[in-house]
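A.B. asks: What follows is a single structure, and I will ask about it in a moment.
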Amino acid sequence: MRKTNDNVNHSLRNNEDGVLDLIHTVMHQYRSMQYQALRDGPHDITHMEGKVLGFFGHHPGATQSDLAKHSGRDKAQLARLIKGLRDRGLLDAVADESDKRNVRLTLTSDGQSVLTVLRQQAKRLNTLALQEMDSHEQEQLQQLLQRVKVNLDAGS
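Counting from 1, position 31 in the sequence shown corresponds to residue 31 in UniProt numbering; the numbering is continuous, with no gaps.
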């Protein structure tokens, strides 16, 4: 049976977790569609690998420690991700001139290409997801989601 908007609305009224479940479902669908463009090419990357590439795309020359501070992720997990991206030729590493123990990371040209595809897909999917909403509805949705975030931040 195909769910209609009435069925979805009814489900949300009967399920306290409905809104957050729906947000999770939408984000899962978005990520799946975003990374689909890369699955058929030479660089099948995960969401977290995409986040790492995005960080170094915005912060060229940053270190693994910088990424750990920014993301709050475990350093060992990040070390494995970075090693995998370096092994696949998506990240390049250079020893810091003032402290040889630190390694500065930048995107390779292949890494930049992957990040460009991810950004193009994100833009396309954003347009697709919001195509039936006018600017007022888009603003309202953004405000409501921001309120959900603030509520969750206050509870942590």
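We put the beta carbon where it would ideally sit given N, CA and C, even for glycine.
Would you mind reading off the limits of the beta strand (DSSP E) that contains A76?
C.D. replies: The residue you call residue 76 lines up with position 76 of the sequence shown. That residue, A76, is in no beta strand (DSSP E); its alpha helix (DSSP H) goes 75-87.
A.B. asks: Just to check my reading of the structure: A62 and L105 have Cβ atoms closer than 8 Å, yes? What is that Cβ distance to the nearest angstrom?
C.D. replies: Within the sequence shown, residue 62 is the residue found at index 62, counting from 1. Within the sequence shown, residue 105 is the residue found at index 105, counting from 1. Contact flag correct, Cβ pair sits at about 6 Å.
A.B. asks: Per the DSSP calculation, T106 is bridged to which residue(s)?
C.D. replies: Translated into the one-based positions of the sequence shown, residue 106 becomes position 106. DSSP output for T106 lists D92 as bridge partner(s).
A.B. asks: With C-beta atoms as the reference, is L81 less than 8 Å away from M48?
C.D. replies: Within the sequence shown, residue 81 is the residue found at index 81, counting from 1. Within the sequence shown, residue 48 is the residue found at index 48, counting from 1. Yes, the Cβ-Cβ distance between L81 and M48 is below 8 Å.
A.B. asks: Got a sec? Which residues, its chain only, sit under 6 Å from A68 by beta carbon, not counting five neighbours each side?
C.D. replies: For the purposes of this step, residue 68 is identified with residue 68 of the sequence shown, where counting begins at 1. Closer than 6 Å at the Cβ level, and outside the excluded window around A68, lie K75, L78.
A.B. asks: With a threshold of 16 other CB atoms inside 10 Å of the CB of Q64, please say whether the residue is buried or exposed.
C.D. replies: Looking up residue 64 in the sequence shown gives position 64. Label assigned to Q64: buried.
A.B. asks: Tell me whether the beta-carbon of L107 lies closer than 8 Å to the beta-carbon of G57.
C.D. replies: Walking along the sequence shown from the start, residue 107 turns up at place 107. Walking along the sequence shown from the start, residue 57 turns up at place 57. Closer than 8 Å, so yes.
A.B. asks: So if DSSP puts A62 in a beta bridge, which residue, or which two residues, is it bridged to?
C.D. replies: Your numbering for residue 62 matches position 62 in the sequence shown. DSSP lists L105 as partners of A62.
A.B. asks: Suppose you measure from the CA of L20 to the CA of E139; what does that come to, to the nearest Å?
C.D. replies: If you number the sequence shown from 1, residue 20 lands on position 20. If you number the sequence shown from 1, residue 139 lands on position 139. Rounded to the nearest angstrom, the two C-alpha atoms are 19 Å apart.
A.B. asks: Using a Cβ-Cβ cut-off of 6 Å (strictly less than) and excluding sequence neighbours within five positions of D110, which residues of its own chain qualify?
C.D. replies: Indexing the sequence shown from 1 puts residue 110 at position 110. These residues qualify, in order along the chain: G89, L90.
A.B. asks: Return the chain-ordered ranges of every alpha helix (DSSP H) run that is complete within the stretch 96-152 and spans a minimum of 4 residues.
C.D. replies: For the stretch 96-152, whole alpha helix (DSSP H) runs of length 4 or above, ordered along the chain, are 109-129.
A.B. asks: Just mark L152 as buried or exposed, buried being the case when its beta carbon has 16 or more other beta carbons within 10 Å.
C.D. replies: One-based indexing of the sequence shown puts residue 152 at position 152. L152 comes out exposed.
A.B. asks: By how many angstroms is the C-alpha of Q121 removed from the C-alpha of L128?
C.D. replies: Looking up residue 128 in the sequence shown gives position 128. Looking up residue 121 in the sequence shown gives position 121. For L128 and Q121, the distance between alpha carbons rounds to 10 Å.
A.B. asks: If you count every other CB in all the chains shown that lies within 10 Å of the CB of L53, and 16 or more means buried, which is it?
C.D. replies: Your numbering for residue 53 matches position 53 in the sequence shown. By the neighbour-count rule (16 or more Cβ atoms within 10 Å), L53 is buried.
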